[in-house]
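Remarks on the structure that follows.
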Amino acid sequence: MNKLSRAQAILADLIRFPSISVDSNADIIGYLQDALTQVGARVTLQHDATGAKANLWATLGPEVDGGIVLSGHSDVVPVADQDWSSDPFEMVERDGRLYGRGACDMKGFIACCIALLPDLDVSALKRPLHFAFTYDEETGCLGAQALVGLLRNNPLKPSIAVIGEPTEMRVIEGHKGCCEYTTHFTGLEGHGSAPDAGVNAVEYAVRYVGHLLEVREALKMRAPHGGRFDPPWTTLNIGGLHGGVAHNVIPGKAMVEWEFRPVQPSDYDYVTEEVRAFVGEVLLPAMREVHPDADVVTETIGEVAGLEPMERNAARDLVLALIGANDVDVVAFGTEGGLFQSLGMDVVVCGPGSIVQAHKPDEYVEIAQLEMCLNMLDGITARLMEAQ
Ligand SMILES: [Zn+2]
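Right under this line is the structure:
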């Protein structure tokens with residue numbers, strides 16, 4: 008069987024595992040583990056707190072620094088309330104396209120990675136080939152965040168990560184992060200005629216929002232030179248403000264929903280520190296002077312690190328050379344790439360299929376895209392067999 012037919016057969020198998028983010032991914036991870044173990048990979052599974060989900064980290068080749076990570080998430084978005092032309096978990100081929108949930112996002116890439124294995128001369132690898140297959144990407148990169156913790160303590164340092172999210176095999180070197188929060192204010196209820204006797208949660212929430220808006224303006228001034236994002240600075244949005252029961256009651260509870268999209272790690276630190284200082288040094292002391300149990304608690308809904316475009320990026324340069332392209336771009340969607348970048352790796356996003364089809368009914372990947380991806384992966388393994 009040639010590599011392309013093999014990739015298609017593997018993709019059909021992978022699509023048959025539903026692996027929707029809320030459910031266990033044990034079956035698909037078991038399948039990938041078997042395929043990797045068969046060719047002698049050293050495989051580590053990292054389970055989540057429930058034990059139902061796992062990341063897979065695998066290495067082929069020598070135990071040395073450097074080498075390349077191929078990264079994909081094993082979970083897919085749900086199909087509920089979507090109108091599919093056929094069973095989303097049974098791959099169907101029509102007009103050179105393979106249909107099924109996860110076909111492009113991103114089981115097509117994972118199928119290509121696994122299709123490489125039977126023909127690979129592992130003993131010829133001079134630097135390691137690593138595989139990172141994660142859980143819960145679609146719900147905030149939770150699996151990859153855990154994996155980064157594991158890799159930080161790993162004595163071996165890979166140098167490049169290729170994230171196979173669907174880019175139609177275009178070379179992507181950056182995206183903004185996405186950080187979403189709900190901030191809960193607890194004050195002290197009271198009668199509207201005696202405002203000083205209560206702690207007005209809505210008023211403190213409004214002051215908090217006011218401070219966030221000042222931070223938003225400051226972020227514009229911090230935009231990096233030559234940034235290619237649109238807009239080029241870190242944006243901040245207030246998505247919701249809830250609280251209060253009646254005109255004449257001091258509200259005891261309020262809630263602010265907000266998000267920001269960092270273009271550089273220092274903006275993440277800046278926003279976090281600004282908010283921490285304002286709550287800790289301004290709001291809480293004022294609230295607790297009246298009511299010691301008053302509180303402001305921020306709940307993290309999701310934090311996806313951005314992928315910052317870098318002047319020097321060996322991952323980008325390698326993939327450009329392998330696929331014979333000159334154009335590099337940035338995209339609006341998030342990936343696990345920023346997390347690998349935070350470990351000091353050079354990162355590029357390049358994978359088969361289009362983000363336009365991701366998350367939609369009748370998701371598909373073109374067979375021609377899988378072929379391009381297999382060619383890129385062949386180039387990657389050939390590179391790992393060359394002397395450094
Ligand atoms: Zn994805």
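Take the sequence shown: its position 10, counting from 1, is numbered 17 in this note's numbering, and each next residue is one higher. Each residue gets a CB set at the ideal place from its N, CA and C atoms; glycine is no exception. These numbers were taken from a predicted model, which means no experiment stands behind them.
Taking all protein chains shown into account, decide if N244 is buried (16 or more other Cβ within 10 angstroms of its Cβ) or exposed. Answer is exposed; the Cβ neighbour count stays below 16.
Have a look at I75 and V311 and give me their C-alpha separation to the nearest angstrom. C-alpha of I75 to C-alpha of V311: approximately 22 Å in a straight line.
Taking 7 Å as the cut-off, is the CB of M113 close to at least one heavy atom of ligand 1? Yes, the Cβ of M113 comes within 7 Å of a heavy atom of ligand 1.
Which parts of the region 144-230 are runs of the beta strand (DSSP E), unbroken and 3 residues or longer, counting only runs that do not cross its ends? Runs of the beta strand (DSSP E) inside the region 144-230: 167-170, 178-182, 185-193.
According to DSSP, residues forming a beta bridge with D302: In the DSSP output, where bridge partners are listed per residue, D302 has T193.
When we look at the beta-carbon of D128 and count the other beta-carbons within 10 Å, is it buried (16 or more) or exposed? By the 10 Å Cβ count, D128 comes out exposed.
Using DSSP with H/G/I as helix, E/B as strand and the rest coil, what is R319? Of the three classes helix, strand and coil, the one that applies to R319 here is coil, per DSSP.
So what's D276 in DSSP terms, helix, strand or just coil? It is helical.
Considering only DSSP beta bridges, list what H80 is partnered with. According to DSSP, which records beta bridges pairwise, H80 is partnered with T141.
Determine the extent of the alpha helix (DSSP H) in which M113 is found, giving its start and end residues. Annotation for M113: no alpha helix (DSSP H) segment contains it, and DSSP assigns it neither H nor E.
Presumed contact (8 Å Cβ cut-off) between C120 and L384, rounded CB distance: Their Cβ separation, rounded to whole angstroms, is 7 Å, which keeps C120 and L384 in contact under 8 Å.
Beta carbon of H80: closer than 7 Å to some heavy atom of ligand 1? Remark: the C-beta of H80 is in contact range of ligand 1, defined as less than 7 Å to any heavy atom.
Inter-residue CB distance, V46 and L163 (contact presumed, cutoff 8 Å): The distance from the Cβ of V46 to that of L163 is about 19 Å, inconsistent with a contact at the 8 Å cut-off.
Alpha carbon to alpha carbon, what distance is there between I117 and L291? The C-alpha of L291 lies about 48 Å from the C-alpha of I117.
Which same chain residues end up closer than 7 Å to T307 when comparing Cβ atoms and leaving out the 5 residues on each side of it in sequence? Result list for T307: Y188, in chain order.
Could you check how far apart the C-beta atoms of L105 and L18 are, in whole angstroms? I think they sit under 8 Å. That pair is a contact at about 6 Å.
DSSP-derived helix/strand/coil call for R268: The answer is strand: DSSP assigns R268 an E or B state.
What are the partner residues of L18, as DSSP defines its beta bridges? Bridge partners of L18: none, in fact.
Going by DSSP, which residues form a beta bridge with K260? According to DSSP, which records beta bridges pairwise, K260 is partnered with T193.
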